[in-house]
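Undergrad:
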Amino acid sequence: MIRKQLCVAVMALTAAAGAAYAQETVKIGLIVPMTGQQASTGKQIDAAVRLYMQQNGNMVAGKRIEVILKDDAAVPDNTKRLAQELIVNDKVSFIAGFGVTPAALAAAPLATQAKVPEIVMAAGTSIITERSPYIARTSFTLAQSSVIVADWAVKNGIKKVVTMVSDYAPGADAQNSFKERFAKGGGQVVEEIKFPLANPDFAPFLQRARDAKPDAVFIFVPSGQGATFVKQFIERGLDKAGIRIIGPGDVTDDDQVNGMGDAVIGTVTVHHYSAAHPSAMNKAFVAAFEKANKFRPNFMAVGGYDGMHLIYEALKKTGGKTDGDALMAAMKGMKWESPRGPMSIDPETRDVIHNEYVRKVEKVGGQLYNVEFATFEDVKDPVKAAKK
Ligand code: PHB
2 MIRKQLCVAV MALTAAAGAA YAQETVKIGL IVPMTGQQAS TGKQIDAAVR
52 LYMQQNGNMV AGKRIEVILK DDAAVPDNTK RLAQELIVND KVSFIAGFGV
102 TPAALAAAPL ATQAKVPEIV MAAGTSIITE RSPYIARTSF TLAQSSVIVA
152 DWAVKNGIKK VVTMVSDYAP GADAQNSFKE RFAKGGGQVV EEIKFPLANP
202 DFAPFLQRAR DAKPDAVFIF VPSGQGATFV KQFIERGLDK AGIRIIGPGD
252 VTDDDQVNGM GDAVIGTVTV HHYSAAHPSA MNKAFVAAFE KANKFRPNFM
302 AVGGYDGMHL IYEALKKTGG KTDGDALMAA MKGMKWESPR GPMSIDPETR
352 DVIHNEYVRK VEKVGGQLYN VEFATFEDVK DPVKAAKK
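Here the sequence shown is numbered in this note's numbering, starting from 2 and rising by one per residue.
The following block contains the structure:
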């Protein structure tokens, strides 16, 4: 009898401890591509999230932070299933990551249904944040950089452009926003080329671009594909034919630019992040990141690092409460200094506002970097701004 009572008491105690543990832990489901074509994005974000936690600890507002990493291989059906499991079984308070637009979109209805904040750390199509009131973005939009590319091209005597983009939503955003702005400045897009997202062979498309004899090729490929594109661009002799590469900074991504060779020196792109950004904060970030990982952080890493900052600061504001509405309210309008420079979350759209920098590939200390030389401050997503 006594033994039985003891047993019951121990069971009750264990259950109480379990409940207390559950209450005291805030879980973040991190869904990124760790395998497949987009794996470099997962590698960068995972490394940045771990660095953020190493620097800022794993306790926030009295709660222990636990990150559950899941690999969706950038396949949206996987993203959806993993998000569902994380929300229902693991009871996560945030879902985060999302290496490509289709993945971010696939999770949106679940975020809405469960009122679980979805922190988009990588994807860049404008429409994403409109798909759920529980989405906030720390990555970027393609339109933010592409309109500035157009202005720069007009000012620098580029008149005829062939656009070349991956055939999915962010490619369409990049192309449309570039083309519209470029036309306003008197420029002309003479040919619009789209190639498949999966395993593209750029060579035949590059031949078509070359035949159109443009001043420049406006290129968008997702992070991870830039090196192949540039290699084939040079092999096909487009650089020798005097055709310039312009575009959002994805093509001269810090993850790959140093391996692209000297032919890429002088390439001008526009982006929100360069590992060569000269702030004290970025220098410390890059040094700590490289020490921990033996590779250079790129713009995906920064999206992950800032996403963790947004989560930590929102939890501080709610006093550790994980109610989705309270967390979203806490995130709106939040401002901070990022390795990319100053940034904030637009209180109206929950989208990122940050500087865009015009950069040129240069050799610095024997390595290739995107060196910033002009700044456009506090750029909002132009697609949403135009809708207002
Ligand atoms: C996207 O799918 O939204 C995406 C992925 C990689 C990039 C940019 C956009 O570099």
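We put the beta carbon where it would ideally sit given N, CA and C, even for glycine.
1. Distance check for MET344 and VAL303, CA to CA, integer angstroms please.
2. Using the C-alpha atoms, what's the distance from ALA123 back to ALA217?
3. Could you spell out the range, first to last residue, of the beta strand (DSSP E) harbouring GLN368?
4. I believe PRO249 touches VAL150 by the beta-carbon criterion, under 8 Å. Please report the beta-carbon distance rounded to the nearest angstrom.
5. Return yes when the C-beta of THR323 is under 7 Å from any heavy atom of the ligand HEM, and no when it is not.
6. By the 10 Å Cβ neighbour count, where 16 or more other Cβ atoms means buried, how is PHE374 classified, buried or exposed?
7. Is the CB-CB distance between SER167 and VAL148 below 8 Å?
8. Please give me, in chain order, every unbroken run of the alpha helix (DSSP H) with length at least 4 that falls completely inside the stretch 155 to 190.
9. Determine the direct distance from the alpha carbon of ALA331 to that of GLU349, and round the result to whole angstroms.
10. For LEU31, list the residues DSSP reports as bridge partners.
11. Tell me which residue opens and which closes the alpha helix (DSSP H) that PHE1 is part of.
12. Over the uninterrupted beta strand (DSSP E) stretch that includes HIS278, give me the two end residues.
13. Within 10 angstroms of the Cβ of ASN157, are there 16 or more other Cβ atoms? Answer buried if so, exposed if not.
14. For a minimum of 3 consecutive residues, which ranges assigned as the beta strand (DSSP E) are wholly contained in the stretch 202 to 257?
15. Do VAL50 and ALA75 have their CB atoms nearer than 8 Å?
16. Using a Cβ-Cβ cutoff of less than 8 Å, which residues in the same chain neighbour GLY37 once the five nearest sequence positions on both sides are dropped?
17. Less than 8 Å between the C-beta atoms of LEU111 and ILE88, yes or no?
18. In or out: ASN90 buried (at least 16 other Cβ within 10 Å) or exposed?
19. Can you tell me where the alpha helix (DSSP H) with GLU86 in it begins and where it stops?
20. Decide if the stretch 219 to 231 is in contact with the stretch 254 to 273; the criterion is three or more beta carbon pairs, one per stretch, under 8 Å apart.
21. Do TYR135 and VAL117 have their beta-carbon atoms positioned less than 8 Å apart in this structure?
22. Considering Cα atoms alone, identify which of GLU181, PRO171, ASP326 and GLY187 is closest to LEU456.
TA: According to the structure data:
1. Working through the sequence shown from its first residue, we reach residue 303 at position 302. Working through the sequence shown from its first residue, we reach residue 344 at position 343. When rounded, the distance between both Cα atoms is 12 Å.
2. By 1-based counting over the sequence shown, the position of residue 217 is 216. By 1-based counting over the sequence shown, the position of residue 123 is 122. The alpha-carbon atoms of ALA217 and ALA123 are separated by roughly 27 Å.
3. Along the sequence shown, read from residue 1 onward, the residue named residue 368 stands at position 367. Here the beta strand (DSSP E) through GLN368 covers 368 to 380.
4. Counting from one through the sequence shown, the residue named residue 249 turns up at place 248. Counting from one through the sequence shown, the residue named residue 150 turns up at place 149. Right, the Cβ-Cβ distance comes to about 7 Å (below 8 Å), so this counts as a contact.
5. No copy of the ligand HEM occurs in the structure displayed; its ligands are the ligand PHB alone.
6. Numbered from 1 along the sequence shown, position 373 holds the residue referred to as residue 374. So PHE374 ends up on the exposed side.
7. Numbered from its first residue, the sequence shown carries residue 167 at position 166. Numbered from its first residue, the sequence shown carries residue 148 at position 147. No; because the gap between Cβ atoms is not below 8 Å, this pair is not in contact.
8. 170 to 185
9. Taking the sequence shown and counting its residues from 1, the one referred to as residue 349 is at position 348. Taking the sequence shown and counting its residues from 1, the one referred to as residue 331 is at position 330. Roughly 13 Å between the two C-alpha positions.
10. Walking along the sequence shown from the start, residue 31 turns up at place 30. Answer by DSSP bridge pairing, in chain order: LEU70 and ALA97.
11. Limits of the chain in this structure are 2 at one end and 389 at the other, which puts residue 1 out of reach.
12. As a first step, residue 278 must be located in the sequence shown, where it is residue number 277. Taken as a continuous stretch (DSSP letters only), HIS278 belongs to no beta strand (DSSP E), as it is neither H nor E.
13. For the purposes of this step, residue 157 is identified with residue 156 of the sequence shown, where counting begins at 1. By the neighbour-count rule (16 or more Cβ atoms within 10 Å), ASN157 is not buried but exposed.
14. 217 to 221 and 245 to 247
15. Translated into positions along the sequence shown, residue 50 becomes position 49. Translated into positions along the sequence shown, residue 75 becomes position 74. Cβ distance not < 8 Å, so VAL50 and ALA75 don't count as in contact.
16. Counting from 1 along the sequence shown, the entry for residue 37 is found at position 36. ALA74, ALA75 and VAL76, listed in sequence order.
17. Locating residue 111 in the sequence shown gives position 110, counting from the first residue. Locating residue 88 in the sequence shown gives position 87, counting from the first residue. For LEU111 and ILE88, yes; Cβs fall inside 8 Å.
18. Residue mapping note: residue 90 aligns to position 89 of the sequence shown, counting from 1. Counting Cβ neighbours within 10 Å, ASN90 comes out exposed, since fewer than 16 surround it.
19. Here residue 86 refers to the residue found at position 85 when the sequence shown is read from its first residue. Counting along the chain, the alpha helix (DSSP H) containing GLU86 begins and ends at 77 to 89.
20. yes
21. In the sequence shown, residue 117 corresponds to position 116, counting from 1. In the sequence shown, residue 135 corresponds to position 134, counting from 1. Closer than 8 Å, so yes.
22. No answer is possible for residue 456: the residues shown for the chain start at 2 and end at 389.
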